[in-house]
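Start counting the sequence shown at 2; every next residue gets the next number (my numbering). Just so it is clear, CB atoms sit at the ideal spot from N, CA and C, and this is done for glycine as well. Keep in mind the model is a prediction, meaning the values are calculated, not measured. Following: one structure in structure tokens, then a few remarks.
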Amino acid sequence: MYDVIIIGAGVIGCSVARELSKYERKILVVDKASDICEGTSKANSGIIHAGFDAKPGSLKAKFNIIGNQMMEELSKQLDFPFQRNGSLVLGFTKEDLIELEKLKSQGEINGVRELEIITGENVRELEPNLSKEVIGALYAKQGGIVCPFHFTIALAENAFLNGAEFMLNTEVLQISRVSATEEIPFDFYHIETNQGILRSRTVVNAAGVYADLFHNMVSEHKIKIVPRKGEYCLFDKCVGNYVHKTVFQLPSKMGKGVLVTPTVHGNLLVGPTAEDVLDKEDISTSEDGLKEVLKKASRSVTDLPIKQAITSFAGLRAHEESGDFIIGECEDAKGFFDVAGIESPGLTCAPAIGEYISNIMSQYLPANLKSSFQASRKGFISIAHASFEERKQYISENPAYANVICRCEMVTEGEIMDAIHRPLGATTLDGIKRRTRAGMGRCQSGFCSPKVMGILARELKVDPSAITKSGEGAYLITGFNKDDVV
């Protein structure tokens, strides 16, 4: 019997887990994927929004402002990359400038600090590569960028080190509420999974695009989440400084539109599109979608360096029909806490949502604070970014740090070994990629993937043919039968 079971090991679920792990509770995080950060959290813009475009009074507005201000200190505690680079919302016409003034006023109502309207050539002084069509912009100094993988993994590792359990490859099939009996003198939730039966006094539903499925199992008040697909294009690091701030166009009812932004790792990112789809697993890219991304991004900046594109990808946002987040205890299912409909600015809001759920959970299921809670966590070693003296030290301790495996990103064998043996360590190629960036460079793992497979197989003590790209079914060697592996 757990005190809390969290469904979903994305940035929201892991943020909730970390906050709850501050207390003396038995916590379990379950996810059907083979790794944490496998859903929406792995395929988004990596933007820490300032908070000017959320409707005043909405949960999006509330948690955006709080989460934004928490990010700096949290990045220091948990050692993940974060930059407060600022953002610009562009105006191309006089009508756009009127809308920018409205956006500024809305941001000020929400509590956003340091908002400014910039006009004329002053905009291009900030960003020389902006289109000549741009006649003004809303400048938000509080905007930032983060690595969504490292952020989510940092939260998960810290929660794990503070006692939270994780069950991956665990798909929730059915949830039902069970009333108290003489044997168990309190109500609890009976959770059927592909790995067996789980029981918990409370449930936190942080299941992304599947959150409506689980909510509707326990509540008569139905919700509906529509997967909203966004396609992106990623550019090589040689054009990573094409813009220095995150560049938006005016938002629409479908979202914040196509942006152009640097990443914390030095790439240039453009996207996303916004297309409502039926399939909750549809992360395909299309020729039309990528053409749309490049065309719209080209309106923001001049001479978009299309030839430096190295990959494209798509992610799904959990859009709930009400247009706002659904956060709190389910009205007709006590002890079942929804964190549903978490689309943009969900990444920014994550730490604030985690704190909020922890607070209301304390009212439902009181617990003592842990005296042993560890608030900090050491991030991943990066030989490429280490000083000469640091490299010498690492290599003297382990010569594997001198063996470069991924040439594009200068990732060594030692870093890959670390990623495997850390808490909640990597077991797949994608897991290694998100932790170390091996395979994220210009060749997109064309050179290093066989070597990474070999290291994974050696360290996990399995046959190389058992290594997958992203879990069950994503085998890299054809003709493999998992029953043949000893």
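By DSSP's assignment, residue 216 forms no beta bridge with any residue.
Residue environment for residue 436: buried (at least 16 other C-beta atoms within 10 angstroms of its C-beta). Annotation: the continuous alpha helix (DSSP H) that includes residue 123 extends over 122–127.
The beta carbon of residue 392 lies closer than 8 Å to those of 384 and 402 in the same chain, with the five residues before and after it left out. Around the Cβ of residue 365, a 10 Å sphere holds fewer than 16 other Cβ atoms; the residue is exposed. Rounded to whole angstroms, the Cβ separation of residue 8 and residue 207 is 6 Å, and the two are in contact under 8 Å. Of all alpha-carbon atoms in 335, 98 and 163, the one lying nearest the alpha-carbon of residue 187 is that of 335. At the C-beta level, residue 250 and residue 91 come within 7 Å of one another. Within the model, the alpha-carbon separation for residue 337 versus residue 330 is close to 6 Å. With a threshold of 16 other beta carbon atoms within 10 Å, residue 408 falls short and is exposed. Nearest in C-alpha terms to residue 205, of all of 31, 399 and 224, is 31.
A check of alpha carbon separations from residue 307 across 317, 300, 316 and 295 identifies 295 as the nearest. Taking the C-beta atoms as reference points, residue 78 is found nearer than 7 Å to residue 376. Contact annotation, residue 314 with residue 286: C-beta distance approximately 7 Å; criterion of less than 8 Å satisfied. Residue pairing for residue 230: DSSP places it in a beta bridge opposite 276 and 317. Assignment of residue 237 by DSSP, reduced to helix, strand and coil, places it in the coil class. Taking C-beta atoms as the reference points, residue 265 and residue 82 count as a pair closer than 7 Å. Within its own chain, the residues whose Cβ lies closer than 6 Å to the Cβ of residue 290, once the five positions on either side in sequence are excluded, are 232 and 274, listed in chain order.
Annotation for residue 339: the continuous beta strand (DSSP E) segment containing it runs 337–341. Per DSSP, reduced to three states, the secondary structure at residue 422 is helical. Here residue 444 has 409 as same chain residues with Cβ atoms under 7 Å from its own Cβ, once five neighbours each way along the sequence are excluded. If you ignore the 5 residues before and after residue 239, its C-beta comes within less than 7 Å of the C-beta of 309, all in its own chain and listed in chain order.
Taking the Cβ atoms as the reference, residue 141 lies roughly 6 Å from residue 116, within the contact range of under 8 Å. In the displayed model, residue 310 falls within a strand according to three-state DSSP. One alpha carbon belongs to residue 269, the other to residue 178, and they sit about 47 Å apart. Take the alpha-carbon of residue 48 and the one of residue 463: they are about 38 Å apart. By the beta-carbon neighbour count (other beta carbons within 10 angstroms, threshold 16), residue 200 is exposed.
Annotation for residue 106: no residue places its beta carbon closer than 6 Å to its own, counting only its chain and skipping 5 residues before and after.
Taken through DSSP and simplified to helix, strand or coil, residue 467 comes out as helix.
In the displayed model, residue 243 falls within coil according to three-state DSSP, outside both helix and strand. Residue 19: member of the alpha helix (DSSP H) spanning 12–21, first to last residue. A straight line joining the alpha-carbon of residue 355 with that of residue 133 spans about 42 Å. Around the Cβ of residue 394, a 10 Å sphere holds fewer than 16 other Cβ atoms; the residue is exposed.
Of the other Cβ atoms in all chains shown, 16 or more fall within 10 Å of the Cβ of residue 145; this residue is therefore buried. For residue 197, the beta-bridge partners assigned by DSSP are 194.
With fewer than 16 other Cβ atoms inside 10 Å of its own Cβ, residue 279 counts as exposed.
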